[in-house]
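Residue numbers (full-length UniProt numbering): 1 to 201.
C-beta atoms are modelled at their ideal positions from N, C-alpha and C, and glycine is treated no differently.
Report on the structure given below.
Quick look at the structure:
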């Protein structure tokens, strides 16, 4: 049975400032007050799931359990067709301990070059959003956007792999887009529109 997400405090179960900011901007019009996991000093769980939804649910459950508030968690990443879907759920880990996504983007490019030009440069950003209530009720939604991987990276906006991801039908990468334009079409926006339809409207 679907449950409504009422106005009030909602924990964003992420320690990634870019992700927290993007989710907070999406939540703004709905009377929900986002509080980040970092502000509440909540730990980051080890992501042991086999899918984006598994990991989002794991993070949402822990944050709801520890905070006593509803919690929203996101797990997202870049899936590259020629690399058999990698980095996928390991997208953040490709950036290493220092979370240096230039390193991660260089690895994607090196592995694509090793495959040769016939491999193609198609990929998708995928985002899973899970909302968990303190009583354990959980609901999850998934969105994706298809694009091409460009090199060298372009743009200073966004975060993660955004500067090398050019959505199909667009001339600019997510890294070059104004945040408002990116939010309107990103994988997170697609998942979020499903969440709003399911839990808020």
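Reference residue i, options the options, closest by Cα
i	options	result
residue 149	122, 82, 3, 91	122
residue 102	176, 188, 164	164
residue 22	198, 201, 174	174
residue 137	64, 17, 117	64
residue 107	116, 145, 87, 49	87
residue 74	151, 153, 139	139
residue 72	32, 97, 90, 91	32
Integer-rounded CB distance, given that residue j should sit under 8 Å from residue i
i	j	result
residue 131	residue 60	6 Å
residue 51	residue 187	Not a contact, Cβ separation roughly 14 Å.
residue 5	residue 70	7 Å
residue 81	residue 120	6 Å
residue 176	residue 155	3 Å
Assigned exposure category for residue i - 16 Cβ within 10 Å defines buried
i	result
residue 114	exposed
residue 2	exposed
residue 12	buried
residue 19	buried
residue 161	buried
residue 184	exposed
residue 153	buried
residue 37	buried
Neighbourhood of residue i by C-beta, 6 Å cutoff - its chain only, sequence neighbours within 5 removed
i	result
residue 104	94, 95
residue 167	145, 147
residue 47	55
residue 30	200
residue 24	34
residue 85	79
Within 8 Å, strictly: CB atoms of residue i and residue j
i	j	result
residue 191	residue 141	yes
residue 10	residue 27	yes
residue 182	residue 158	yes
residue 111	residue 78	no
residue 202	residue 62	A query on residue 202 cannot be resolved here, the shown segment of the chain reaching from 1 to 201 and no further.
Proximal residues to residue i (C-beta, below 7 Å), its chain only, five neighbours per side dropped
i	result
residue 40	11, 67
residue 151	109, 164
residue 194	141, 143
Cβ neighbours of residue i in the same chain (closer than 8 Å, five flanking residues each side left out)
i	result
residue 45	58, 59, 62
residue 169	none
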